[in-house]
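Asks: Got a structure for you, questions after.
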Amino acid sequence: MIDLHCHLLPGIDDGAKTIEDSVELARAASNSGITHIVCTPHIHEGYFDNDIETIKQAHDVFVAALKKENIPLKSYYAAEVRISPTILKLVSSERLPFLGYIDDKPVLLLELPHSHIPPGTEQVINWLKAQEITVMIAHPERNRDILANYNKAAWLRGKGVLFQLTAGSITGTFGTKVQACVQRLLDDGFADVIATDAHNIHKRPPELHKAFEIVHQQFGEAMANKLCKDMPMKIAGCWFEQSK
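Heads up, the sequence shown is in the working numbering, so the first residue is 315 and it goes up one at a time.
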């Protein structure tokens, strides 16, 4: 399986704090059947002021540790980017790392606040699309505006964005309301990718297998493969071509 959203890089956001944490998470991911990951630390102005350079530096340390510990996990780096006007500047200065490409367009993992869909969201999405960038919304099922009014998920979807659902939402880690919302997104065909959004071993681990099995049981093997293997590799495969 391929995980396109996880916080395994050491000391760069609210995920792994140390390289030892990173190694523990990487080993757990590998043991659970994940073969490839794209590490996506936060870029959130004023909180996690990362950019492509700081992320690459942390990723280099991480990859060296994977090699040293003989963990059979292929890794690349991108970012989970909080929506803000800063995105325009970061894109223009080429300081944003992308998840990969789909239909020859770069894919940006965009995070909305958990509390709401902020004013200006449509304008930011439209601006990114005008730059030939495909937007993937991270964990829409956990957004309170969408939880309160599911039509807002359909509205977002209508803007031409992709949806990344979180494995823990499917398994119930985030509660029954989130689980019901993610079920509806799956039922309506609004899911493009399932990822772990892993932050730590105990509460938010790098675990995809249980969600894969649930989707397999409800929608069949082809759908489970699409969301956990095929679509993630279609997007990020360019980073791993030399290591296949």
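The beta-carbon is built from N, C-alpha and C at its ideal position, and this holds for glycine as well.
Going by CA-CA distance only, name the one from Tyr415, Asn457, Arg409 that's closest to Leu426.
Replies: The residue given as residue 426 occupies position 112 in the sequence shown. Among Tyr415, Asn457, Arg409, the Cα nearest to that of Leu426 belongs to Asn457.
Asks: In its own chain, which residues sit with a C-beta less than 6 Å from the C-beta of His350, not counting the 5 before and 5 after it?
Replies: Within the sequence shown, numbered from 1, the residue matching residue 350 stands at position 36. Answer for His350: Ile316, Lys388, Phe554, listed in chain order.
Asks: Which residue wins for smallest C-alpha separation from Pro420, given the options Ile397, Gln445, Ser336?
Replies: Position 106 of the sequence shown, counted from the first residue, corresponds to residue 420. The candidate whose alpha carbon is nearest that of Pro420 is Gln445.
Asks: Report yes if the CB atom of Ile261 is closer than 8 Å to the CB atom of Leu424, and no otherwise.
Replies: Residue 261 lies beyond the residue range present for the chain, which begins at 315 and ends at 558; the question has no answer from this structure.
Asks: For the alpha helix (DSSP H) that Gly338 lies in, which residues bound it at each end?
Replies: Taking the first residue of the sequence shown as 1, we reach residue 338 at position 24. In the sequence under discussion, the amino acid at residue 338 is Glu, which differs from the Gly named in the question. Taken as a continuous stretch (DSSP letters only), the alpha helix (DSSP H) holding Glu338 covers 333-345.
Asks: If contacts are defined as beta-carbon pairs under 8 Å, then Leu500 and Phe533 qualify, I think. What distance do you get, rounded to the angstrom?
Replies: Locating residue 500 in the sequence shown gives position 186, counting from the first residue. Locating residue 533 in the sequence shown gives position 219, counting from the first residue. Going by Cβ atoms, the distance from Leu500 to Phe533 rounds to 7 Å, so yes, they are a contact pair.
Asks: Is it true that the CB of Glu535 sits closer than 8 Å to the CB of Val496?
Replies: The sequence position of residue 496 within the sequence shown is 182, counting from 1. The sequence position of residue 535 within the sequence shown is 221, counting from 1. No.
Asks: Beta-carbon within less than 7 Å of Pro411's beta-carbon, same chain only, minus the 5 sequence neighbours each way: which residues are those?
Replies: The sequence position of residue 411 within the sequence shown is 97, counting from 1. Cβ within range, chain order: Ile366, Ile369, Tyr391, Ala392, Ala393.
Asks: Can you find the residues in the same chain that come closer than 7 Å, C-beta to C-beta, to Glu521, ignoring five residues on each side of it along the sequence?
Replies: As a position in the sequence shown, residue 521 is number 207, starting the count at 1. For Glu521, where only same-chain residues beyond five positions count, the Cβ hits under 7 Å are Ser346, Ala481, Thr510.
Asks: Excluding the 5 residues flanking His523 on each side, which residues of the same chain have their C-beta closer than 7 Å to its C-beta?
Replies: Along the sequence shown, read from residue 1 onward, the residue named residue 523 stands at position 209. Same-chain partners within the cutoff: Ser346, Gly347.
Asks: Which one of Lys548, Ile401, Phe376 has the shortest CA to CA distance from Val337?
Replies: Indexing the sequence shown from 1 puts residue 337 at position 23. Of the candidates Lys548, Ile401, Phe376, the one whose C-alpha sits nearest the C-alpha of Val337 is Phe376.
Asks: For Lys619, name the three-state secondary structure that DSSP assigns.
Replies: This structure gives no information on residue 619, because the portion of the chain shown stretches from 315 to 558.
Asks: State buried or exposed for Lys473, treating a residue as buried only when at least 16 other CB atoms are found within 10 Å of its CB.
Replies: Against the sequence shown, residue 473 aligns to sequence position 159. Exposed is the call here.
Asks: Whole angstroms are fine: how far does the CA of His358 sit from the CA of Thr485?
Replies: Within the sequence shown, the letter at position 171 stands for residue 485. Within the sequence shown, the letter at position 44 stands for residue 358. Cα to Cα, Thr485 sits roughly 27 Å from His358.
Asks: If you draw a straight line from the alpha carbon of His513 to that of Val395, how long is it in whole angstroms?
Replies: Taking the first residue of the sequence shown as position 1, residue 513 is located at position 199. Taking the first residue of the sequence shown as position 1, residue 395 is located at position 81. Spanning the two alpha carbons is a distance of roughly 16 Å.
Asks: Taking His321 and Asp328 to be in contact with their CB atoms under 8 Å, please state how far apart those CB atoms are, rounded to whole angstroms.
Replies: Translated into the one-based positions of the sequence shown, residue 321 becomes position 7. Translated into the one-based positions of the sequence shown, residue 328 becomes position 14. Their Cβ separation, rounded to whole angstroms, is 7 Å, which keeps His321 and Asp328 in contact under 8 Å.
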